[in-house]
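In this text, residue positions in the sequence shown follow this note's numbering: the first is 168, and each later residue adds one. Contents: one structure, followed by commentary.
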Amino acid sequence: MTRLAALVINRRWWVIGAWIVLALVGGFAAPRAVSNLSYAFDLPGQPASIANQKIAAQFGATGGDNAPVILLVKGSGETTDEVAARLKTVVHQAIPSARVATWVDQPKLRSSDGSAGVALVYPPVAAGPKAYATAIPTLERAIGQARIPATLTGVDVVAQQGGGGVSVLAETIFGALAALVVLVLVFGSFLALTPLCVAAASILSAFLLLWGLTGLTQVSFVSQYLLALIGLGVAIDYALLIVTRWREERGNGVEPEAAITATITSAGRSVLFSGATVAISLAALVVLPVPFLRSIGFAGLLIPILAAAAALTLLPAILLVVGDRLSWPHRRRSSPDSHLWAGIGRHVVRHRWISIVGGLVILLVLAAPVLGLRLGAATNSSMASTGGPAAAAISTIDDSGIGRGVTQPMEILTSDPGAVLAALDGQPGISGAVAPDSWRSGRMAVVDAWTTSDPTSTAGSTALKQARAAVERAGGEVGGIPVQNLDFIHAVYGNAIWVLLIIVIVTMILLSMALRSIVLPVKALALNVVSIGAAYGVTVLIWQDGFATKLLFNEQPAGAITVWVPIAVFAFLFGLSMDYEVFLLSRIREEHDRGHSTDEATVAGVSRTGRLVTSGALILFFAFISLSQIPQTEVKILATGLALGIIIDATLVRGVLAPALVAALGPLNWWLPRKFHRDRDVVTISAEEG
């Protein structure tokens with residue numbers, strides 16, 4: 168670290184110039200990187216994904232990535248064969264390549280009393296977040312002009328009618344303004360601007376690398392939000408450490424260059440270690456056999472690496488050049504201790520067992536809803552509650568007896584549709600199947616089948632699995648959204664153990680080296696798991712069970728949690744929350760090494776890192792709040808889990824449970840096998856950084 172400090176001191180203008188060039192080129196590359204991002208959720212090698220790709224290649228449209236557009240006709244005397252024929256003709260005239268099936272092709276697409284009939288339409292898919300952006304308005308115009316009493320509905324129609332959102336740039340600006348407010352409160356001077364400079368440089372540079380990454384592999388659209396908003400929070404977090412330590416050094420009368428050296432060799436080590444921890448957590452996603460999540464892992468690696476690099480090079484160079492002038496108007500030396508957090512620390516240590524039991528009970532209560540976790544796409548009930556004609560049509564379908572699964576049917580590719588229909592006949596939980604003659608191409612044909620219950624429900628999932636097995640025995644290849652979701656769950660969570668092992672083992676090794684203890688890392692890992700469990704629970708409560716969803720997000724709950732969100736939340740939260748654990752425990756370790764008792768060291772650690780953890784958590788929280796304004800529901804769910812996890816971790820876990828457990832364990836905290844004893848400096852944060 169001393170060599171790095173010397174390099175920055177001797178080449179300060181070169182360092183600043185290099186980052187300016189990177190940022191400018193990154194600004195040029197950002198829109199090009201975004202235009203190359205993928206909105207697909209492919210699962211190469213998985214049976215459902217293979218079937219979907221074959222259907223798309225041979226028939227031009229598939230329900231593998233997007234559910235069908237549904238045309239609902241209701242009213243006595245309206246669901247006649249004549250209306251169905253007109254409907255099919257109008258659709259084919261408007262979109263010649265669309266696949267269409269009506270109640271003439273399968274009577275079970277009409278309710279038993281004839282009051283409602285459904286047509287399934289598979290139009291060609293457009294690139295981008297709204298697959299049917301062209302098809303839906305085209306169908307609406309055509310049906311309206313033909314005066315057919317049909318309502319467009321379905322998963323994509325309901326989502327598209329929900330409107331759009333603001334741009335990534337606008338969300339980043341909102342997060343930056345919120346962060347600036349926190350930084351002004353922390354520094355009380357123009358120094359508050361320096362972390363934002365670091366964030367801007369690291370984010371733009373990350374987009375430059377993202378552009379290169381899109382040329383090598385498929386990268387998910389989610390990456391742009393993660394780079395911009397999580398990058399904002401992490402970069403400011405690291406910059407907060409550096410600026411606070413530098414300000415204290417200068418306040419003690421240390422010369423500018425010596426202050427930079429002291430800052431990089433102390434707080435810089437913490438930044439380096441924290442960046443490595445976050446990077447390792449995200450790198451673990453790369454082992455999953457899912458390109459979508461792998462790309463998030465690769466893109467996520469860019470965040471801590473570039474944020475740490477900018478905080479360790481660009482920021483010290485800026486402080487050398489203009490740091491003292493930016494200290495206006497707040498030049499007084501701030502106390503390293505927070506009276507508020509010192510009081511909290513003393514109270515927690517004094518009542519350690521009550522704090523432990525009370526904290527664990529609260530976390531377990533918060534985590535309880537995760538026991539009812541349902542993974543999948545939005546349920547019919549959640550779509551029906553969004554309001555508008557499309558949502559009302561979903562309710563009508565649910566009440567008609569046609570089958571809730573018709574909104575997300577299975578798609579089956581077969582050379583013998585008769586055998587597939589026979590295999591599906593009488594299958595428990597299957598409401599109907601349809602194989603129009605027009606759904607043939609050469610020797611192959613497509614059959615759609617749907618469940619009686621919602622595909623996301625336990626009954627619906629069971630029916631899907633049984634029907635899939637029966638169809639495969641009949642020689643069919645099964646695809647469609649609900650079946651692909653089953654494969655997604657198996658691919659992700661069947662391999663999740665490797666993600667967990669990589670994160671836990673590597674983090675355990677790094678923490679043991681940094682803290683010179685075996686017990687402290689074990690405690691940190693256990694608390695992280697409990698903390699993330701609580702974040703999961705509240706996320707399920709909001710987005711699946713519908714608690715305060717309308718109040719918080721002005722929209723209806725999804726009724727299920729998107730299949731990839733829990734594993735992504737774990738990877739991000741594990742690394743981010745471990746930052747705060749390192750800040751706290753390294754400070755406690757340092758105080759103990761100075762001869763203080765465990766209780767005294769714990770109180771000092773809490774009082775001197777409390778403000779740092781709180782400020783950093785608030786900045787990340789606002790970044791995640793910005794992320795939650797993205798129009799895609801799955802991104803909102805991800806942002807909710809991350810925001811909740813950071814707040815729970817920075818308050819209840821790091822403020823209460825972690826210090827209480829350290830106080831309760833006493834001398835056991837410092838146990839390390841004798842063969843590992845070395846005269847090694849622990850990674851620490853100075854007292855003043857809290």
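In this text, a Cβ means the ideal position worked out from N, Cα and C, and glycines have one as well.
Original post:
Apart from the five residues on each side of it in sequence, which residues of its chain come closer than 8 Å, Cβ to Cβ, to alanine 359?
Top reply: The residues are Leu347, Leu350, Val351, Val353.
Subject >> Residues near valine 171 by beta carbon distance below 8 Å, same chain, minus five either side >> reply: According to the sequence shown, residue 171 is leucine rather than valine. Counting only residues of its own chain and dropping the five nearest sequence neighbours on each side, leucine 171 has a CB closer than 8 Å to the CB of Ile431, Gly435, Leu479, Thr480.
Original post:
In angstroms, rounded to a whole number, what distance separates the CA positions of threonine 619 and glycine 647?
Top reply: Straight-line Cα distance between these residues: approximately 16 Å.
**OP:** For the beta strand (DSSP E) containing valine 613, list its first residue and its last residue.
**Re:** Counting along the chain, the beta strand (DSSP E) containing valine 613 begins and ends at 611-618.
Original post:
Measuring CA to CA, which of Asn233, Ala466, Thr247 is closest to leucine 375?
Top reply: Of the candidates Asn233, Ala466, Thr247, the one whose C-alpha sits nearest the C-alpha of leucine 375 is Ala466.
Subject >> Length of the line joining the Cα atoms of threonine 818 and valine 515 >> reply: C-alpha of threonine 818 to C-alpha of valine 515: approximately 13 Å in a straight line.
Original post:
Straight-line CA distance for isoleucine 370 to proline 840?
Top reply: Approximately 42 Å between the Cα atoms of the pair.
Subject >> Straight-line Cα distance separating isoleucine 579 from glycine 284 >> reply: Rounded to the nearest whole angstrom, the C-alpha separation of glycine 284 and isoleucine 579 is 22 Å.
Subject >> Nearest-angstrom Cα separation, counted from isoleucine 564 out to aspartate 248 >> reply: Inter-residue distance for aspartate 248 and isoleucine 564 is about 19 Å (C-alpha atoms, whole angstroms).
Subject >> Member of Gly599, Gly554, Leu694 whose CA lies at the smallest distance from the CA of threonine 574 >> reply: Looking at the Cα atoms, Gly599 is the closest of the given residues.
**OP:** Alpha carbon to alpha carbon, how far is glycine 184 from serine 853? Give it in angstroms, no decimals.
**Re:** At serine 853, the pLDDT of 43 sits below 50, so the modelled position is not reliable and the matter cannot be decided from this model.
Original post:
Once you ignore the five residues that flank glutamine 260 on each side, which residues in its own chain have a CB closer than 6 Å to its CB?
Top reply: Setting aside the 5 residues that flank it on each side, glutamine 260 has no residue in the same chain whose C-beta is closer than 6 Å to its C-beta.
Subject >> Residues near alanine 831 by beta carbon distance below 8 Å, same chain, minus five either side >> reply: Only Arg519, Trp520, Ile523 meet the Cβ criterion.
Original post:
In three-state terms, what does DSSP make of methionine 577?
Top reply: In this structure, methionine 577 counts as strand in the three-state DSSP scheme.
Original post:
In the DSSP assignment, what residue or residues form a beta bridge with glycine 642?
Top reply: Answer is none; glycine 642 lacks a bridge partner.
Subject >> Separation of valine 324 from isoleucine 262, as counted between CA atoms >> reply: One Cα belongs to isoleucine 262, the other to valine 324, and the distance between them is close to 16 Å.
**OP:** Could you work out which residue in Ile340, Leu460, Ile187, Ile699 is closest to leucine 531 when comparing CA atoms only?
**Re:** The option with the nearest alpha carbon to leucine 531 is Ile699.
Original post:
serine 764 to alanine 827, Cα distance in whole Å?
Top reply: If you take the alpha carbons of serine 764 and alanine 827, they lie about 14 Å apart.
Original post:
At which residue ranges does the stretch 385-463 contain complete alpha helix (DSSP H) runs of 4 or more residues, listed in the order of the chain?
Top reply: When DSSP assignments are scanned along the stretch 385-463, the uninterrupted stretches of alpha helix (DSSP H) that are 4 or more residues long and fall wholly within it turn out to be 389-392, 398-418, 423-450.
Original post:
Three or more beta-carbon pairs under 8 Å between the stretch 211-221 and the stretch 540-553, yes or no?
Top reply: No: the two stretches stay apart, fewer than three of their Cβ pairs being nearer than 8 Å.
**OP:** Pick helix, strand or coil for threonine 169, following the three-state DSSP scheme.
**Re:** In the three-state scheme derived from DSSP, where H, G and I count as helix and E and B as strand, threonine 169 is classed as helix.
Original post:
Which value, in whole angstroms, describes the spacing of the CA atoms of alanine 402 and leucine 174?
Top reply: Their Cα atoms are separated by approximately 21 Å.
**OP:** Identify whether threonine 247 lies in helix, strand or coil by the three-state DSSP scheme.
**Re:** DSSP places threonine 247 in the coil class of the three-state scheme, outside both helix and strand.
Subject >> Opposing strand residues paired with serine 608 [DSSP bridges] >> reply: Per DSSP, Met611.
Subject >> Under the three-state DSSP convention, the category tyrosine 289 falls into >> reply: DSSP places tyrosine 289 in strand when its eight states are reduced to three.
**OP:** Could you tell me the distance, in whole angstroms, from the CA atom of alanine 693 to the CA atom of serine 582?
**Re:** If you draw a straight line from the Cα of alanine 693 to the Cα of serine 582, it comes to about 53 Å.
Original post:
How many Å lie between asparagine 836 and valine 773 at the Cα?
Top reply: Cα-Cα distance, rounded: 16 Å.
Original post:
Which word fits serine 437, buried or exposed, when buried means at least 16 other C-beta atoms lie within 10 angstroms of its C-beta?
Top reply: In this structure serine 437 is buried. Its beta-carbon is surrounded by 16 or more other beta-carbon atoms within 10 angstroms.
Subject >> glycine 525 - DSSP class collapsed to helix/strand/coil >> reply: Collapsing the DSSP output to three states places glycine 525 in a helix.
**OP:** Measure the alpha-carbon distance for glycine 643 versus threonine 256 and round it to whole angstroms.
**Re:** Going from the Cα of glycine 643 to the Cα of threonine 256 covers about 29 Å.
Original post:
What do you reckon, are the CB atoms on serine 782 and leucine 377 nearer than 8 Å?
Top reply: No, the Cβ-Cβ distance between serine 782 and leucine 377 is not below 8 Å.
Original post:
Tell me the DSSP bridge mates of glycine 510?
Top reply: Note: glycine 510 sits in no beta bridge, so no partner.
Subject >> arginine 610 burial status per 10 Å Cβ neighbour count (16 or more: buried) >> reply: Burial call: exposed.
**OP:** Please name the residue or residues paired with lysine 241 in a DSSP beta bridge.
**Re:** According to DSSP, lysine 241 bridges with Ala283.
**OP:** Whole angstroms is fine: what's the gap from alanine 636's alpha carbon to methionine 577's?
**Re:** Alanine 636 and methionine 577 have their C-alpha atoms roughly 13 Å apart.
**OP:** Give the straight-line distance between the Cα atoms of leucine 751 and alanine 426, rounded to the nearest whole angstrom.
**Re:** Using only the alpha carbons, I get a separation of about 23 Å.
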